[in-house]
Structures are given as structure tokens and as C-alpha cells.
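Only one structure is covered here, and it is reproduced in the block below.
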Amino acid sequence: RKEVEQDPGPFNVPEGATVAFNCTYSNSASQSFFWYRQDCRKEPKLLMSVYSSGNEDGRFTAQLNRASQYISLLIRDSKLSDSATYLCVVNPSGDMRFGAGTRLTVKP
Amino acid sequence: DAGVTQSPTHLIKTRGQHVTLRCSPISGHKSVSWYQQVLGQGPQFIFQYYEKEERGRGNFPDRFSARQFPNYSSELNVNALLLGDSALYLCASSLGTPDQPQHFGDGTRLSIL
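Protein chains in written order, with the working numbering: chain A, 5 to 112; chain B, 142 to 254.
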């Protein structure tokens, strides 16, 4: 079993749509969680940290379920600029473990 | 403020050669991590250094080594290069605690011929 597993995608959605990404992790001792986005041939950039109580940043909402070892990211009112690969990241002990990423394409 | 800087940006080598990649962290960051990313996959953890000590090592062969200098910059060395080492090598820096996210440099794209 992979340490971090994500929806394989790709997701193709129209502008304005709501899209949700899911992620599961295997290490129950994991301490911190993040979502990164990566544009084609660029470096990953931090989108948001994920907190136990859930957190929101504008159109983006992240949820964490420690019991199920599950993380989610919800994007509302999708923009063309949201097109990217979204990486789920779990930090068990200081070294980050990445999922393979989910590709999102937002179309006009 | 300068972000994480990596050099070189691109590199072409042949099988059997060795390579040294360099990374300067964000000012004030004491932890540097190295990742390998091949096309279609997420970054794979190679090493983490904190205060010049190796803190973690991923599942990579001994051909891969790294070190961190007193100014917190870091080098990744790969010996006896194989075709499969072709990848984007990413360096990330952080304050060093698990709750702190890591910030990435632009990466070094290594091609092995």
C-alpha cells in the first residue's frame, strides 16, 4: 500500500464548478498535512495546511479525518487559473510524503 | 526576500558520471530536504538535513549522498549515474518542525544520456 494515495484523475470541469479531491494515508502517526499545487514543469507550491478542525481559505476548504486517515480538498467556483496538479502531502516526522497528484483542468 | 535557490537549472550527464546539485534555503530556515520527481509522479523523499545533521533518509541507494553546510546550504551528490536517475530534483527548506510546511526551489532538471 502506498503511503499517500490520491484520486488518479484527471478532473475536467467547467468554470464555476465545485470539485473535490480525496486522499488517504497509511501512517497513523502522521503529524501534519498539506495540500500543494504544481503547475506543469514547475515546483510544488503550498496551497494550504490542513488542520484537524478543518479550515478554509477563500474558495478552498480542507478537511482531515484522523480516524479514517483521510484528507480532502474542496474547490468552489473553479477558475481557469485553478488548472494544475494538486498534491496531497503527509508529514509523519519531518519528511514529507507526497501523493502522486490529481490533475485538474478547468475549461471555459 | 529570496526564496529557495537551486543550481544548476538544467544538467545533462551520461551514464556512470557523477553529479552535484546545490541548494540555498530561505534565510532563517535550518532544514533542507531533497526530493526526486519523475514525470507523472509526486516528489519522492531522498534526504532531510537539520542543523548539518542528517535527520531522515528515503529509500534511495547509497549512490545518493548529501550534506549541509554551516550556512545551511546543501549539496546532493549522485554517483554512477543511471538512466533512471533522470528526473527533476527538488530542494525544499523549512524551519524544521513537522508542523511547518516546506518551500521548494525551482528544481534541477537532470537528464542522463
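All C-beta atoms in this analysis are idealised placements derived from N, C-alpha and C, irrespective of residue type, glycine included.
Predicted model only: the values in this text are computed from it and were never measured.
query: Contact the stretch 232-246 of chain B vs the stretch 159-178 of chain B: 3+ CB pairs below 8 Å; result: yes
query: Inter-stretch contact at 8 Å, needing at least 3 Cβ pairs: the stretch 103-111 of chain A / the stretch 190-203 of chain B; result: no
query: Cα-Cα separation between residue 67 of chain A and residue 221 of chain B, rounded to whole angstroms; result: 44 Å
query: Three-way DSSP call (helix, strand, coil) for residue 172 of chain B in this model; result: strand
query: Proximity test, Cβ basis, 8 Å: residue 35 of chain A and chain B; result: yes
query: Residue 214 of chain B versus B:156, B:191, B:225, B:253, residue with shortest Cα-Cα distance; result: B:191
query: Sub-8 Å separation of residue 254 of chain B and residue 155 of chain B beta-carbons; result: yes
query: Amino acids of chain A, ordered along the chain, whose beta-carbon sits closer than 8 Å to that of residue 159 of chain B; result: Per Cβ cutoff of 8 Å: no residues; residue 159 of chain B is ~24 Å from chain A at best.
query: Simplified DSSP state of residue 61 of chain A, which is helix, strand or coil; result: strand
query: Residues from the stretch 192-204 of chain B in contact with chain A, defined by Cβ distance under 8 Å; result: 196, 197, 199
query: Start-end ranges of the beta strand (DSSP E) lying completely within the stretch 164-231 of chain B, minimum 3 residues; result: 172-178, 185-191, 194-198, 205-209, 215-219
query: CB contact below 8 Å: residue 248 of chain B versus chain A; result: yes
query: Contact set between the stretch 90-107 of chain A and chain B, restricted to residues whose Cβ is under 7 Å from the partner; result: 91, 95, 97, 98, 99, 100, 101, 102, 103, 104, 105
query: Between the CA atoms of residue 182 of chain B and residue 19 of chain A - distance to the nearest angstrom; result: 26 Å
query: is_contact[residue 48 of chain A, chain B] using C-beta, thresh 8 Å; result: yes
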